[in-house]
Amino acid sequence: MLTTGPRGTKDILPDTSGFWQYVEKKAREVCNLFGYREIRTPIFEHTELFLRGIGETTDIVEKEMYTFSDRGGRSITLRPENTAAVVRAFLEHKLYADTPPAKLFYIGPMFRYDRPQAGRYRQFHQFGIEAIGAKGPAIDAEIIILATQFLRSLGLNELVLQLNSVGCPECRPKYRSVLQEFLRDKLSNLCKDCQSRFDRNPMRILDCKQAECTSLTQGAPQMVDCLCDECNQHFTQLKTLLTAGNIEFKLNPRLVRGLDYYTKTAFEIQYAPLGSQSAVCGGGRYDGLIAECGGQPTPGIGFAIGMERVLLALEKQNLLPDVMNQYDVFVIPLGEKAQAAAFKVLCDLRKSGYIADMDFMDRSLKAQMKLANKFSAQYAVIIGDDEVATNSAVLKNMQTGEQQQINFDELLKKLDTEVNG
Ligand code: HAM
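All residue numbers for the sequence shown refer to my numbering, where the first residue is 496 and numbers rise by one.
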């Protein structure tokens with residue numbers, strides 16, 4: 496137990512953390528281009544926020560939350576997603592008082608007691624954005640384009656954008672009853688989960704992955720045919736805007752998403768080579784959530800991208816960049832007396848902005864040279880007792896093997912002309 500992490504969690508080791516930093520940097524760059532600013536909310540929130548925000552009959556709330564009582568007896572939940580928490584922060588800090596819409600992004604860990612498999616973990620990371628305050632379809636198009644631009648900037652091209660409208664509290668009740676009518680005589684053949692969804696959340700039945708349920712729901716009435724005028728118009732305009740933005744989409748009338756707060760636009764971006772966990776991005780509009788959390792009725796829309804899935808896709812497609820740490824200089828002291836002089840040179844190099852290191856394990860000269868090669872150091876600075884006596888060092892170009900004796904005072908200037916020309 497002491498040497499194994501909890502099931503569904505992963506350590507991000509030094510060999511791979513550079514890939515994470517690369518993807519996070521791309522996310523920050525694209526957010527900057529689109530005017531989204533970072534928000535960092537706590538990892539845990541009051542459980543009530545997620546019950547109200549995500550919906551009590553969702554799988555996330557019913558089966559997947561990490562909920563516990565703290566020592567003060569409060570019910571606390573590790574965030575399973577971040578939209579509800581961002582809305583909470585938006586209201587708590589009156590971000591609505593700034594020029595709307597509030598355009599926010601986040602990158603961080605989420606927690607769901609899911610069945611772990613490739614691409615599905617109990618602690619995973621999302622890059623998400625939320626735009627709160629704008630109701631027109633242009634902001635829907637903007638965030639979909641942002642997600643696509645981010646994924647493409649990493650080199651991922653085989654993306655499929657699935658799009659649907661899940662209606663609003665005005666048109667959805669009508670659809671629910673039409674759907675229930677369609678399902679009523681099939682009810683006993685649906686899976687146990689879907690049977691319990693029938694009254695509580697019948698639209699989720701369309702999303703069930705069980706083969707029997709999928710086949711029984713073939714030909715089910717579609718939400719898009721029951722949309723009210725306003726939802727219909729919003730959806731039509733969004734499709735026009737996406738086409739104008741050169742974004743291909745596939746209408747998927749069965750796409751309902753696993754969180755209850757969605758209204759109107761719902762979308763997912765699939766990356767098929769990932770297999771069963773192919774959804775790299777999921778999002779949609781949540782025009783009722785802010786009021787549900789106690790604010791004035793305010794529209795909102797956002798998405799979240801699963802970072803682990805993006806990294807898996809990049810690995811599969813050989814798109815991970817070379818992030819090996821390359822040293823500028825490796826400092827090599829030879830003998831006792833050279834240690835202090837070498838250490839000073841190392842400190843001076845780092846102060847001047849060189850990526851530099853030395854051995855801390857009393858290795859032999861040969862082993863230290865090997866280390867310099869392992870870190871792809873461009874130069875080695877070798878300091879022996881003779882060099883200390885003359886205040887100098889040997890500067891060795893590791894690529895050409897060329898070496899020259901050089902005074903300590905001249906070393907930085909010399910390196911500067913060698914490295915920067
Ligand atoms: P979601 O669809 O639950 O939406 O999650 C978004 C993405 O997070 C998924 O498409 C997937 O890539 C990743 N993901 C989800 N669960 C796991 C898991 N167990 N392991 C690895 N990756 C996972 C939301 O979370 C919404 N808050 C998105 C949103 C923001 N809607 C509006 N604003």
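The C-beta atom is built at its ideal place from N, Cα and C for all residues, glycine as well.
| Query | Result |
| --- | --- |
| Entirely enclosed beta strand (DSSP E) segments - the stretch 638-670, minimum 3 residues | 654-660 |
| Beta carbon of Pro748 nearer than 7 Å to that of Asn813 | no |
| Closer than 6 Å: Gln621 CB and nearest ligand 1 heavy atom | yes |
| Given Ile488 as reference, the closest of Leu910, Asp694 and Phe645 once Cα atoms are compared | Any property of residue 488 remains undetermined from this structure, which presents the chain solely from 496 to 916. |
| Gln732 beta carbon less than 7 Å from that of Pro632 | yes |
| Rounded separation between Leu750 and Arg617 - CA only | 24 Å |
| Any non-hydrogen atom of ligand 1 closer than 6 Å to Arg695 Cβ | no |
| Start and end residues, alpha helix (DSSP H) containing Leu546 | Thr542 to Ile549 |
| For Ala872, the nearest candidate out of Gly614, Ala761, Gly530 and Val824 (CA to CA) | Val824 |
| Any non-hydrogen atom of ligand 1 within 6 Å of Gly777 CB | yes |
| For Gln919, the three-state DSSP class (helix, strand or coil) | This structure leaves residue 919 out entirely; the chain is present only between 496 and 916. |
| Alpha-carbon to alpha-carbon, Gln612 and Val876 | 48 Å |
| Residue closest to Arg535, alpha-carbon to alpha-carbon, out of Ser564, Thr511, Gln621 and Val525 | Gln621 |
| Where Thr504 falls: helix, strand or coil (DSSP) | coil |
| With 16 other Cβ atoms within 10 Å as the buried cut-off, status of Phe585 | buried |
| Nearest-angstrom Cα separation, counted from Gly662 out to Asn727 | 8 Å |
| Cβ pair Ala921, Ile796 closer than 7 Å | Within the shown structure, residues of the chain are numbered from 496 to 916, placing residue 921 beyond reach of any answer. |
| For His729 and Met921, the rounded distance between their alpha carbons | The requested residue 921 does not occur in the structure, where the chain is confined to residues 496 to 916. |
| CA nearest to the CA of Ser512, picked from Gln898, Glu831, Gly548 and Asn820 | Asn820 |
| CA-to-CA distance, Gly790 to Val582, given in whole angstroms | 9 Å |
| Endpoints, the alpha helix (DSSP H) within which Tyr527 is located | Checking the sequence shown, residue 527 turns out to be Asn, not Tyr. It spans Pro509 to Phe529 - the alpha helix (DSSP H) in which Asn527 sits, taken as one unbroken run. |
| Heavy atom of ligand 1 within 6 Å of Ala774 beta-carbon | yes |
| Closest residue to Arg780 among Ile639, Phe677 and Phe619 (Cα-Cα distance) | Ile639 |
| Boundaries (first-last residue) of the beta strand (DSSP E) holding Val824 | Val824 to Pro828 |
| For Leu599: DSSP bridge partner residues | Arg532 and Glu625 |
| Beta carbon of Ala808 nearer than 7 Å to that of Leu736 | no |
| Proximal residues to Asn696 (C-beta, below 7 Å), its chain only, five neighbours per side dropped | Thr552 |
| Any 3 or more C-beta pairs closer than 8 Å across the stretch 646-657 and the stretch 665-685 | no |
| Test item: CB-CB of Glu763 and Gln644 under 7 Å | no |
| Proximity test, Phe903 beta-carbon vs ligand 1 heavy atom, cut-off 6 Å | no |
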